[in-house]
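Participant: Residue numbers in the sequence shown follow this note's numbering, run continuously in steps of one, and reach 545 at the last position.
Can you keep this structure in mind? I'll have questions shortly.
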Amino acid sequence: MRLGVEETLGALNAALGPGGPVWFKETRARHLRVRDFLAPRRALEARFGDDQVPERVVHAIVGLQGPGVAPVLSCAPTPAGLTLQLRRSAVFERVLGAVAAYAAPTVPAAPGPRVVLHCPALRGSPCALRLSQLRAVLVADHLARALHAHRVSVRLVPAVRDPHMPTFLQQLRVDWPAASERAATEALRSRALAELTPARNAEALPPGALGRVYLKELVDERGRTTGYDPKLDSCLVTEDLLAVLAELQQAVQDWAEDSSLGLAAAPDAGADSCMVVHVVSCEEEFQQQKLDLLWWKLDDQAPLRQKHLVCGPVKVAGAPGTLTAPEYYELRHAQVCKASALKRGRDLAQDSAWMEIFRVLSVATIKFEMLSTAPQSQLLLALADSSISTKGTKSGTFVMYNCARLATLFESYKCSMEQGLYPTFPPVSSLDFSLLHDEHPSPPQGEWLLLFNSILPFPDLLSQTAALPCTAPGLHITARTEMVCKFLVQLSMDFSSYYNRVHILGEPRPHLFGQMFARLQLLRAVREVLHTGLAMLGLPPLSHI
Numbered sequence: 001m002r003l004g005v006e007e008t009l010g011a012l013n014a015a016l017g018p019g020g021p022v023w024f025k026e027t028r029a030r031h032l033r034v035r036d037f038l039a040p041r042r043a044l045e046a047r048f049g050d051d052q053v054p055e056r057v058v059h060a061i062v063g064l065q066g067p068g069v070a071p072v073l074s075c076a077p078t079p080a081g082l083t084l085q086l087r088r089s090a091v092f093e094r095v096l097g098a099v100a101a102y103a104a105p106t107v108p109a110a111p112g113p114r115v116v117l118h119c120p121a122l123r124g125s126p127c128a129l130r131l132s133q134l135r136a137v138l139v140a141d142h143l144a145r146a147l148h149a150h151r152v153s154v155r156l157v158p159a160v161r162d163p164h165m166p167t168f169l170q171q172l173r174v175d176w177p178a179a180s181e182r183a184a185t186e187a188l189r190s191r192a193l194a195e196l197t198p199a200r201n202a203e204a205l206p207p208g209a210l211g212r213v214y215l216k217e218l219v220d221e222r223g224r225t226t227g228y229d230p231k232l233d234s235c236l237v238t239e240d241l242l243a244v245l246a247e248l249q250q251a252v253q254d255w256a257e258d259s260s261l262g263l264a265a266a267p268d269a270g271a272d273s274c275m276v277v278h279v280v281s282c283e284e285e286f287q288q289q290k291l292d293l294l295w296w297k298l299d300d301q302a303p304l305r306q307k308h309l310v311c312g313p314v315k316v317a318g319a320p321g322t323l324t325a326p327e328y329y330e331l332r333h334a335q336v337c338k339a340s341a342l343k344r345g346r347d348l349a350q351d352s353a354w355m356e357i358f359r360v361l362s363v364a365t366i367k368f369e370m371l372s373t374a375p376q377s378q379l380l381l382a383l384a385d386s387s388i389s390t391k392g393t394k395s396g397t398f399v400m401y402n403c404a405r406l407a408t409l410f411e412s413y414k415c416s417m418e419q420g421l422y423p424t425f426p427p428v429s430s431l432d433f434s435l436l437h438d439e440h441p442s443p444p445q446g447e448w449l450l451l452f453n454s455i456l457p458f459p460d461l462l463s464q465t466a467a468l469p470c471t472a473p474g475l476h477i478t479a480r481t482e483m484v485c486k487f488l489v490q491l492s493m494d495f496s497s498y499y500n501r502v503h504i505l506g507e508p509r510p511h512l513f514g515q516m517f518a519r520l521q522l523l524r525a526v527r528e529v530l531h532t533g534l535a536m537l538g539l540p541p542l543s544h545i
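The structure is reproduced here in structure tokens:
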């Protein structure tokens, strides 16, 4: 079984006896020189009074064992509190001896609820897609990938119908189904006609409208305590609106096996066993609330759990608010091409291989900009050329640059090995990870930082990204879709610092090979984690930039 940060923290807190969690994991390099976990002094005083932590508790912590619990080297009281350090060589050996277990999501023992992800922004054309709607599309796509990776059965709605939208989504590396045929609306239309309220004062109905359905009683019944807008009063029922409901209804009723991923529908395939998550921009939420209530009004089998993941507004510094999603993409793509031409002293627009790299870099820039902020928060975009620089440490371009540096490193090793300078990579079981001995150097080389902050906690991070509070009360739901981007940026910063400071492929001397191979295995793990994180964003790894 893989070691886990959550498992280790759980065991440490349990060892202190009854009470809330006290321990936390250190992340800063200066703290990791002397400790890996800390139970702060004030929290311990609240638990044990002014007395010291009992010696028997400290001894129990040092001897901690259990599934997923990392081996402990020492535990000692300090002015900061109770500090703990792991047996780092043993942790290196356990983790780097089973890289695949740490570079992939943890598959849950039991299947979670079935999820319908509904993104209304995809019903239009690309040229009408506002930046706030683009943000909702990217959040929905990223969330779908995270859920799929954890074997959650997901249906994506709507299937896009605009003829230009599939090409634009492919350009953005968004994986979303295209429409085949429309869902039948006859049953919903009949129910709607029965619920229509006679027009008041000879109200003129627009073309395609059937009439108005009043929703006030549903708002009073469901809305006041759950988050529905109290001003919701009625909904104008149109043929288009019924088509939207019919597609959602069909997604719930006809839950099919997802053959492409080998995922079967849950045995309890009723409407109550699934959750519908509407991923909407803040401008679309009021209309979506009407749609929710209308669905309940017209369909007795509508899911009881409908949640709104509302994406905050997108503001553009120094630009009009009318910038569309395609214009935003073209701007970023032009900036990437311009930056590359300046860097290399020539225009690469006629080189198809480089143009594909530029397209990937453009999408990486956009996705990291759109997804690095919690979805419910306002997002401020800066459109300056600096956003696509490989020197800035916050951009998607910077992450892709370090992905390419890793690829170049392993390609250099392969070429040198083929030339006879280095031996073939030995079995991982024969590597001596005690040679990764940067526990106390100043400045630290960063090997423990990479393993402890990036590789070891990665499965837990992926689980948190896919976690939806299904049973939480209220209409609104939150998702941690910013976590992967922030993690990849920090991983890239730590790797870049390490790579600039440590010469990995040293002189071809036999007595240096042991440490070189231990470091290469560490960076193999970094590479696999990085590739998995990029896949969660729909981005391919790059071999050069």
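Heads up, the beta-carbon is just placed ideally off N, CA and C, and yes, glycines get one too.
Beta strand (DSSP E) containing residue 281: first to last residue?
Facilitator: Numbered from its first residue, the sequence shown carries residue 281 at position 281. Unbroken beta strand (DSSP E) run through residue 281: 274-281.
Participant: Looking at the strands, I want to know which residues DSSP matches up with residue 458.
Facilitator: By one-based count along the sequence shown, residue 458 stands at place 458. Beta-bridge pairing links residue 458 to no other residue.
Participant: Rounded to a whole number of angstroms, what is the C-alpha to C-alpha distance between residue 469 and residue 478?
Facilitator: If you number the sequence shown from 1, residue 469 lands on position 469. If you number the sequence shown from 1, residue 478 lands on position 478. Rounded to the nearest angstrom, the two C-alpha atoms are 8 Å apart.
Participant: Hey, which unbroken runs of the alpha helix (DSSP H) at 4 residues or more fall wholly within the segment 331-359?
Facilitator: Those alpha helix (DSSP H) runs which fall completely within the segment 331-359 and span 4+ residues do not exist here.
Participant: Run through DSSP, which three-state label would residue 214 get?
Facilitator: As a first step, residue 214 must be located in the sequence shown, where it is residue number 214. Residue 214 falls in the strand class under three-state DSSP.
Participant: Would DSSP call residue 5 helix, strand or coil?
Facilitator: Position 5 of the sequence shown, counted from the start, is the residue given in the question as residue 5. Residue state, collapsed to three classes: helix.
Participant: Helix, strand or coil for residue 266, going by three-state DSSP, please let me know.
Facilitator: The residue labelled residue 266 in the question sits at position 266 within the sequence shown. Its pLDDT being 45, under 50, residue 266 is placed unreliably in this model, and the coordinates cannot settle the point.
Participant: For residue 453, count neighbouring Cβ atoms within 10 angstroms of its own Cβ and tell me buried if that reaches 16, exposed if not.
Facilitator: The residue you call residue 453 lines up with position 453 of the sequence shown. Counting Cβ neighbours within 10 Å, residue 453 comes out buried, since at least 16 surround it.
Participant: For a minimum of 3 consecutive residues, which ranges assigned as the beta strand (DSSP E) are wholly contained in the segment 300-332?
Facilitator: List check, beta strand (DSSP E) in window: 306-311, 314-317.
Participant: If you draw a straight line from the alpha carbon of residue 527 to that of residue 347, how long is it in whole angstroms?
Facilitator: The count along the sequence shown starts at 1 and reaches residue 527 at position 527. The count along the sequence shown starts at 1 and reaches residue 347 at position 347. Answer to the nearest angstrom: the Cα atoms are 30 Å apart.
Participant: If I follow the unbroken alpha helix (DSSP H) through residue 145, where does it start and stop?
Facilitator: For this step, residue 145 is matched to residue 145 along the sequence shown. Run containing residue 145: 131-149, per the alpha helix (DSSP H) assignment.
Participant: Between which two residues does the beta strand (DSSP E) holding residue 37 run?
Facilitator: The count along the sequence shown starts at 1 and reaches residue 37 at position 37. Its beta strand (DSSP E) spans residues 37-40.
Participant: Residue range of the alpha helix (DSSP H) that residue 395 falls in?
Facilitator: Stepping through the sequence shown from its first residue, residue 395 is reached at position 395. Counting along the chain, residue 395 falls outside any alpha helix (DSSP H), and DSSP gives it neither H nor E.
Participant: Thinking C-beta only, is residue 521 closer than 8 Å to residue 450?
Facilitator: Position 450 of the sequence shown, counting from 1, holds the residue named residue 450. Position 521 of the sequence shown, counting from 1, holds the residue named residue 521. No, Cβ-Cβ distance for residue 450 and residue 521 is not below 8 Å.
Participant: According to DSSP, is residue 403 part of a helix, a strand, or is it coil?
Facilitator: Stepping through the sequence shown from its first residue, residue 403 is reached at position 403. In the structure shown, residue 403 sits in a helix (DSSP, three-state: H, G or I).
Participant: With a 10 Å radius around its C-beta and 16 neighbouring C-beta atoms as the bar for buried, classify residue 107 as buried or exposed.
Facilitator: One-based indexing of the sequence shown puts residue 107 at position 107. Counting Cβ neighbours within 10 Å, residue 107 comes out exposed, since fewer than 16 surround it.
Participant: So residue 136 and residue 159 are supposed to be a Cβ contact under 8 Å. How far apart are they, rounded?
Facilitator: The count along the sequence shown starts at 1 and reaches residue 136 at position 136. The count along the sequence shown starts at 1 and reaches residue 159 at position 159. The pair is not a contact, with the Cβ atoms about 17 Å apart (cut-off 8 Å).
Participant: Closer than 8 Å by C-beta to residue 188: which residues in its own chain qualify, once you throw out the five before and the five after it? Chain order, please.
Facilitator: To locate residue 188, count along the sequence shown from 1; it is residue 188. Same-chain partners within the cutoff: 242, 245, 246, 249, 298, 299.
Participant: What first and last residue would you give for the beta strand (DSSP E) that runs through residue 72?
Facilitator: As a first step, residue 72 is located in the sequence shown; it is residue number 72 there, counting from the start. Unbroken beta strand (DSSP E) run through residue 72: 72-78.
Participant: Could you say which of 89, 218, 142, 196 lies nearest to residue 212 if we only look at CA atoms?
Facilitator: Along the sequence shown, one-based indexing puts residue 212 at 212. Answer by Cα proximity: 196.
Participant: From the DSSP output, which residues share a beta bridge with residue 155?
Facilitator: Walking along the sequence shown from the start, residue 155 turns up at place 155. Partner(s): 116.
Participant: Where do the ends of the beta strand (DSSP E) carrying residue 237 lie?
Facilitator: Sequence index remark: in the sequence shown, residue 237 carries index 237 (1-based). Counting along the chain, the beta strand (DSSP E) containing residue 237 begins and ends at 234-238.
Participant: Which residues does DSSP list as the beta-bridge partners of residue 24?
Facilitator: The count along the sequence shown starts at 1 and reaches residue 24 at position 24. Beta-bridge pairing links residue 24 to 38.
Participant: Could you say which of 324, 282, 233 lies nearest to residue 294 if we only look at CA atoms?
Facilitator: The sequence position of residue 294 within the sequence shown is 294, counting from 1. Closest by alpha carbon: 233.
Participant: According to DSSP, is residue 46 part of a helix, a strand, or is it coil?
Facilitator: Within the sequence shown, the letter at position 46 stands for residue 46. In this structure, residue 46 counts as helix in the three-state DSSP scheme.
Participant: Could you spell out the range, first to last residue, of the beta strand (DSSP E) harbouring residue 381?
Facilitator: Mapped onto the sequence shown, residue 381 falls at position 381. From DSSP, the beta strand (DSSP E) with residue 381 extends over 379-382.
Participant: Per DSSP, which residues does residue 209 bridge with? Please list them.
Facilitator: Residue numbering aside, residue 209 sits at position 209 when the sequence shown is read from its first letter. Answer is 238.
Participant: Specify the secondary structure class of residue 178 as computed by DSSP and reduced to three states.
Facilitator: The sequence position of residue 178 within the sequence shown is 178, counting from 1. In this structure, residue 178 counts as strand in the three-state DSSP scheme.
Participant: Comparing C-alpha positions only, which one of 4, 151, 12 sits nearest to residue 92?
Facilitator: Indexing the sequence shown from 1 puts residue 92 at position 92. Comparing Cα positions, the closest option is 4.
Participant: Out of curiosity, what's the CA-to-CA distance linking residue 340 and residue 359?
Facilitator: Indexing the sequence shown from 1 puts residue 340 at position 340. Indexing the sequence shown from 1 puts residue 359 at position 359. The alpha-carbon atoms of residue 340 and residue 359 are separated by roughly 12 Å.
Participant: What does the alpha-carbon distance come out to for the pair residue 6 and residue 186?
Facilitator: As a first step, residue 6 must be located in the sequence shown, where it is residue number 6. As a first step, residue 186 must be located in the sequence shown, where it is residue number 186. Their backbone Cα atoms lie some 51 Å apart in a straight line.
Participant: Could you check if residue 59 is buried or exposed, using at least 16 other CB atoms within 10 Å of its CB as the buried criterion?
Facilitator: Here residue 59 refers to the residue found at position 59 of the sequence shown. Exposed, because fewer than 16 other Cβ atoms sit within 10 Å of the Cβ of residue 59.
Participant: So the candidates are 475, 446, 464, 485; which of them puts its Cα closest to the Cα of residue 29?
Facilitator: Sequence index remark: in the sequence shown, residue 29 carries index 29 (1-based). Among 475, 446, 464, 485, the Cα nearest to that of residue 29 belongs to 446.
Participant: Quick one: Cα of residue 549 to Cα of residue 324, how far?
Facilitator: No statement about residue 549 is possible, as the shown extent of the chain runs from 1 to 545 and does not include it.
Participant: Give the straight-line distance between the Cα atoms of residue 539 and residue 49, rounded to the nearest whole angstrom.
Facilitator: In the sequence shown, residue 539 corresponds to position 539, counting from 1. In the sequence shown, residue 49 corresponds to position 49, counting from 1. Between residue 539 and residue 49, the C-alpha separation is close to 52 Å.
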